[in-house]
Amino acid sequence: MLSGKFGLSVGRKGAKMDAEELARIITQLRLIGADQQNVEVKTGVGKSVLETLSAFANASGGLLIFGLSEADGFTPVDKFDALAARNALIDRCSQITPCLRPQVDIVPFENIQLLVATIEPVLASERPAYVTEKGVYRGSYLRVGDADQMMRNYEVDRLLEEQHQPLWDTEYVELAGIEDLDSVALRDFLTGQKSLRPKTFAQGAETAYARLHVAKDGHPSLAALLAMGEYPQEFFPRLNVTFGLYPGTSKGDVTKGLRLLESANLTGSIPELVEAVIGKVRANMRTGALINDVFRKELPDYPLVAVREAIVNALLHRDYSPTARGTQVQVNMFVDRLEITSPGGLFGGVTVDSLGKDGLSSTRNQWLATFLENVRTPDGGLVAENRGTGFAVIEQSLADALMPPAKVRESLTSFTIIFERRHVAKTETYASAKDHVLAILNSRTTGSTTEIVQATGLSRTAVQRAVNQLIEEGLVEPMEPARSPKQRYRTLSVR
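Quick note on numbering: the sequence shown equals residues 1 to 495 in UniProt numbering.
The following block contains the structure:
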């Protein structure tokens with residue numbers, strides 16, 4: 001069933017259109033007063049239908065109804081010849097590359113015969129469908145609302161990439177050298193690869209570098225630089241992550257004259273970027289606590305496991321073509337949600353409906369994926385340890401936290417995943433910095449200010465203030481004289 005922007009359903013795939021179904025659709029159009037994203041009405045089979053055929057075929061398909069006048073309130077056109085229109089439409093479909101073969105029906109309506117054509121989307125590997133005489137860059141269209149818009153060159157390029165495996169991540173960065181890769185990360189990666197495939201290294205390091213797409217002629221690949229680089233932004237300043245904390249539910253909201261409560265440009269290799277994003281989200285979200293007798297369960301606004309998978313996916317699967325290298329991954333926190341947006345839509349056979357399903361995985365950047373499966377984050381974990389199951393992990397972690405599923409917004413040019421902020425239950429209390437600090441000290445024998453900062457993600461000032469409050473309340477005591485650089489703290493229950 002094709003479903004439009006306004007919920008206008010237009011029948012089942014491959015099903016013959018009947019008079020009752022057509023009457024229902026036209027009644028809805030008359031109530032709305034306009035064509036819809038998946039339904040177009042035309043008086044006849046003019047040349048403009050070519051643009052609509054292309055637009056429907058490049059998206060999720062659509063329905064064309066011939067013999068009605070939108071300008072006259074979707075009323076029948078006098079003396080409309082459905083048989084002649086059918087022949088003309090078949091000819092128009094042959095003027096599209098690839099040739100379209102729609103389901104075509106002649107259906108009675110209000111004492112005349114209308115022509116109805118169901119346009120199915122072409123396969124991802126055959127897109128874009130374009131008006132042959134205009135060529136692929138001037139004749140490819142997308143459906144936007146009830147209009148047919150010519151694709152930008154960037155959008156056409158992304159669809160053409162579906163016909164083969166993109167290799168942008170294997171490009172060698174001429175301005176960079178092996179010395180621009182982190183020596184420890186590179187050593188660990190090569191050690192692991194050598195144990196797995198010793199034959200790759202039999203002809204020397206330089207040959208192994210080339211076979212593994214680490215480097216060639218002393219220049220690292222883009223994938224290696226992103227995964228193991230000391231500072232990739234030296235060569236690609238916009239291949240970073242921006243973080244924004246907004247005071248309302250949109251970017252236009254203003255609180256006390258401030259558009260952004262916090263703004264940061266995060267840089268570094270992908271492992272460093274992942275940890276930096278997690279740190280920002282952790283520091284700026286609430287953490288509730290569900291308290292039942294002596295048990296306490298922390299309930300954060302967003303499960304960090306899900307956030308981590310989402311940012312890894314964004315950095316791994318984003319578009320790294322030259323045109324997109326000026327576009328950053330964006331992480332935006334609003335009062336009601338967290339959004340992560342990356343350039344480039346879904347790749348290969350993956351669709352929004354198939355995300356998280358078993359048996360289907362497609363990688364735009366296959367060598368970057370290989371590196372991230374073998375490179376570790378600063379805390380020791382593999383960056384992409386859940387390759388192929390990342391979205392399933394997101395869904396499961398949200399379900400475990402009793403939170404709604406993530407929402408997805410996707411186009412040819414971008415992909416956005418949206419997490420709703422967890423609603424606060426009546427039986428919950430918010431965990432303060434003091435609660436965090438006490439929980440950390442209860443979990444270990446002693447702790448220093450630095451250790452508590454690292455464990456909680458709180459600022460040093462916030463930790464010290466919380467410790468002082470706990471000392472005043474008789475819950476924590478210092479173990480060294482005041483101002484001692486070796487100062488550690490423990491709860492009074494620990495002796």
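Here a beta-carbon is modelled for each residue, glycine too, at the ideal position from N, C-alpha and C. Just so we're clear, the structure is a prediction, and the values are computed from it rather than from any experiment.
- When DSSP assignments are scanned along the stretch 92-147, the uninterrupted stretches of beta strand (DSSP E) that are 3 or more residues long and fall wholly within it turn out to be 103-109, 112-119, 141-144.
- The Cβ neighbour count for proline 322, taken over all protein chains shown within 10 Å, is under 16; the residue is labelled exposed.
- With a threshold of 16 other beta carbon atoms within 10 Å, cysteine 99 falls short and is exposed.
- Under the three-state reduction of DSSP output, histidine 436 falls in the helix class.
- Closest in alpha carbon position to tyrosine 231, among Ser250, Ser269, Thr200, Glu110, is Ser269.
- As for any alpha helix (DSSP H) of minimum length 4 sitting wholly inside the stretch 390-428, the runs are 390-400, ordered along the chain.
- In the DSSP annotation of this structure, valine 375 is not part of any beta strand (DSSP E), being labelled neither H nor E.
- Counting other Cβ atoms within 10 Å of its Cβ, methionine 479 stays below 16 and is therefore classed as exposed.
- Take the alpha-carbon of arginine 483 and the one of glutamate 309: they are about 41 Å apart.
- Residue environment analysis places leucine 492 among the exposed positions, since fewer than 16 neighbouring C-beta atoms fall within 10 angstroms of its C-beta.
- Taking the CA atoms as reference points, phenylalanine 419 sits about 15 Å from valine 277.
- Within the DSSP bridge table, the entry for glutamate 40 names Leu64 as partners.
- By the 16-neighbour rule on beta-carbons within 10 angstroms, arginine 364 is buried.
- For phenylalanine 74, no beta strand (DSSP E) encloses it, and the DSSP letter there is neither H nor E.
- Only buried fits glycine 390, as 16 or more other CB atoms lie within 10 angstroms of its CB.
- Counting other Cβ atoms within 10 Å of its Cβ, histidine 436 reaches 16 or more and is therefore classed as buried.
- Glycine 73 and glycine 46 have their alpha carbons spaced roughly 20 Å apart.
- DSSP, reduced to helix, strand and coil, places glutamine 328 outside both helices and strands of the structure shown, so it counts as coil.
- For aspartate 353, the number of other beta carbons within 10 angstroms of its own is below 16, and it is reported as exposed.
- For the pair tyrosine 130 and serine 195, the Cα-to-Cα distance works out to about 49 Å.
- Of the other Cβ atoms in all chains shown, 16 or more fall within 10 Å of the Cβ of serine 397; this residue is therefore buried.
- As the crow flies, the alpha-carbon of leucine 68 is around 12 Å from that of valine 107.
- If you draw a straight line from the Cα of arginine 152 to the Cα of alanine 462, it comes to about 49 Å.
- If you compare the alpha carbons of Leu470, Glu272, Arg158 with that of arginine 318, the shortest gap goes to Arg158.
- Under the three-state reduction of DSSP, histidine 317 is assigned to helix.
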